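A short worksheet on the structure shown next.
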Amino acid sequence: MKQADFVMICVNDYGGQMRGKGFPAWELGTRLHIGMGIAPTSMMITTFGDIIDTPWGPRGELLMMPDPETEVSITLDDRPPERFVIADLIHLDGTPWAGCPRSWARRALEALEQEAGVVLKSAFEHEFHYSGAEQRLGDAYLLDGMRVCGDFPTALLQALAESGIEPESFMPEYGPQQFEVTCKPALGLASADRAVKLREIVRSIARHYGHKATFSPVMVNGAVGNGTHIHFSLQDTGHNPISYDATRPDAIGEKAGQFLAGVLRDMPAIVALTAPSVVSYERMKPDRWSPTYSNLGDKDREAGLRLCPIATFPGCDPEAQCNFEYRACDAAASPYLALGALVWAGLGGIRDKLLVPRATTDDPEKLSKGERAQRGIVRLPQSLPEALDNLSSSERAKSWMGETLMEAYLVHKRSELKVLEGLSPDEQVDRYTQAY
Ligand code: GLU
Ligand code: MG
């Protein structure tokens, strides 16, 4: 019997999971036009599968409207390809649904461009664990650490390239069976689309080899975690880079610096969207190469925002290299919510013409309380409930998110907390490694 291709229309939900419905590929033309129906409460499926609470119950209807630009087709051996396409959630009359994460990120990017004349270029850098890598002592960054993965890296890079994701690097990271994959930056929403596709392609190739790729922020309590760092730079609407200005302190362009100031100001609240799991706060502990303060750190991999290095020997273009890295993010986050939060917070900094922050050159923990307060550096939340309280009480976050998205997100996340109630820290880590 000839096998028909199959396509899934998926929405990236509040837990960053891809959920949707499938259909035979010959229906794709129709589905691109009419979308596919789904209950709003499907967005309330927690990352562990249960629906604990929902604002809508069994009522209402939305459409998943696929964006043809986002279609992914993964072909391995002579099996039918795996195909999926990313959708926005819209009302039956075609208007965007206020709870849709992808539409929210798009609105943020539009506001940034219209109000501030700024376009964002960004790339999500992912760390994950691959169960198919033979365990070997001392394999971090090791050439032999690549050999123990079999064909996984080459098949992965090929599938990423075929999906237009422009892979840039792949390496054995520091943790056991931990790897990192990066791709080239893309403009606007395409960068979050790439992140969504990349995670699923990594998972798919791992499954193909009979193994599992896990993006959970933490695999083992007490050990280094899996980050998803967002690299970004700013351009004007003519696509000229504006992040770098050699004449200014730390060589940060004025508008870019205001954007950074806005991100730092709201970091204690937006981590609820960018580091949104219980174990995200196990990852963001001191000495884990992961942030604990809302600081801009010069080439500091434990800063909330890192000022990335710029090579200065002849022939290097500092303007083209200059980028910043938001490190308080992991793959429990929807890339759309993470990008949206970053952009709304940054735009707030430009709107309010905030003072451009000076970069720290040492651990903020070593500064006195007074110095930290004077520089606006605060300790990031140390638990998901703390982060959610910051988000829900932030007037700025309320204005960007609107009631529908804020309520839906908080209900979703507080449901996640309920599912984990009473479990030991190891059991919680185990739930997340299963889910991500
Ligand atoms: N694994 C670290 C994290 O959780 C990052 C290590 C690195 O700098 O690449 O963010
Ligand atoms: Mg890394």
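Per the working numbering: the sequence shown = residues 54 to 489. Beta carbons are placed, not taken as given, at the ideal position from N, Cα and C, and that holds for glycine. As the structure is a prediction and not an experimental result, all values here were calculated from the model.
Nearest neighbour of residue i, chosen from the options [CA to CA]
i	options	result
A373	E460, N293, Q427	N293
Q487	F59, T235, G102	G102
D340	L173, L313, E418	E418
E163	D289, D130, G241, P134	G241
L392	G429, H261, A248	A248
D405	A169, D383, P388, R112	A169
R200	Q230, V172, A176, R159	Q230
A381	S446, N279, T290, L287	N279
T99	L473, E480, P478	L473
M459	K265, G110, M96	M96
D106	L116, M118, P93, L115	P93
A394	V409, L165, A239, D415	L165
For residue i, three-class secondary structure by DSSP
i	result
D351	strand
M54	With a pLDDT of 47 at M54, under the threshold of 50, the modelled position of that residue is not reliable, and the figure given next carries that caveat. It is coil, neither helix nor strand.
D493	There is no way to answer for residue 493, as the model of the chain reaches only from 54 to 489.
F223	strand
M20	Only positions 54 to 489 of the chain appear in this structure, which leaves residue 20 out of reach.
V255	helix
F268	coil
E80	helix
Sequence-distant residues of its chain with Cβ nearer than 6 Å to residue i (five each side left out)
i	result
M54	Per-residue confidence for M54 stands at a pLDDT of 47, beneath the threshold of 50, marking its modelled position as unreliable; no derived number is given.
P371	Y297, I363
L444	A322, A325, A450
D192	G198, P225
E378	H282, H284, R359, C361
G75	F59, M61
F37	Outside the displayed range of the chain (54 to 489) lies residue 37, so it cannot be described from this structure.
G402	Q311, F312, A314, G315
H179	V234, T281
A208	I258
H182	Q230, Q231, T267, M272
Buried or exposed (CB count within 10 angstroms, at least 16 for buried), residue i
i	result
P329	buried
Y194	exposed
R33	The chain is shown only over 54 to 489; residue 33 falls outside these bounds and no answer can be derived.
H86	exposed
T327	buried
Cutoff 7 Å; reference residue i; Cβ partners in own chain excluding five residues on either side
i	result
P220	L210, L213, A214, V234, C236
Heavy atom of the ligand ATP within 6 Å of residue i beta-carbon
i	result
V271	What this structure holds is the ligand GLU and the ligand MG, not the ligand ATP.
Residues near residue i by beta carbon distance below 8 Å, same chain, minus five either side
i	result
I254	V125, I127, L209, A212, L213, S216, I218
Checklist entry - Counting only runs that start and end within the segment 302 to 349, where is the alpha helix (DSSP H) found for 4 or more residues in a row? => result Within the segment 302 to 349, the alpha helix (DSSP H) runs of at least 4 residues that lie entirely inside it are, in chain order, 307 to 327, 333 to 336.
Checklist entry - In the segment 87 to 172, which residue ranges form an unbroken alpha helix (DSSP H) of at least 4 residues, counting only runs that do not cross its ends? => result Restricting attention to alpha helix (DSSP H) runs no shorter than 4 residues, the segment 87 to 172 encloses them at 154 to 169, ordered along the chain.
Item to check | Inside the segment 393 to 446 only - beta strand (DSSP E) runs reaching at least 3 residues | outcome: If we require 3 residues or more, the segment 393 to 446 turns out to have no beta strand (DSSP E) run fully inside it.
Next on the checklist: Going residue by residue through the segment 200 to 245, where are the continuous alpha helix (DSSP H) segments of at least 4 residues, counting only ones entirely within it?
Outcome noted: Restricted to the segment 200 to 245, the alpha helix (DSSP H) segments that are unbroken, complete and at least 4 residues in length are 205 to 215, listed in chain order.
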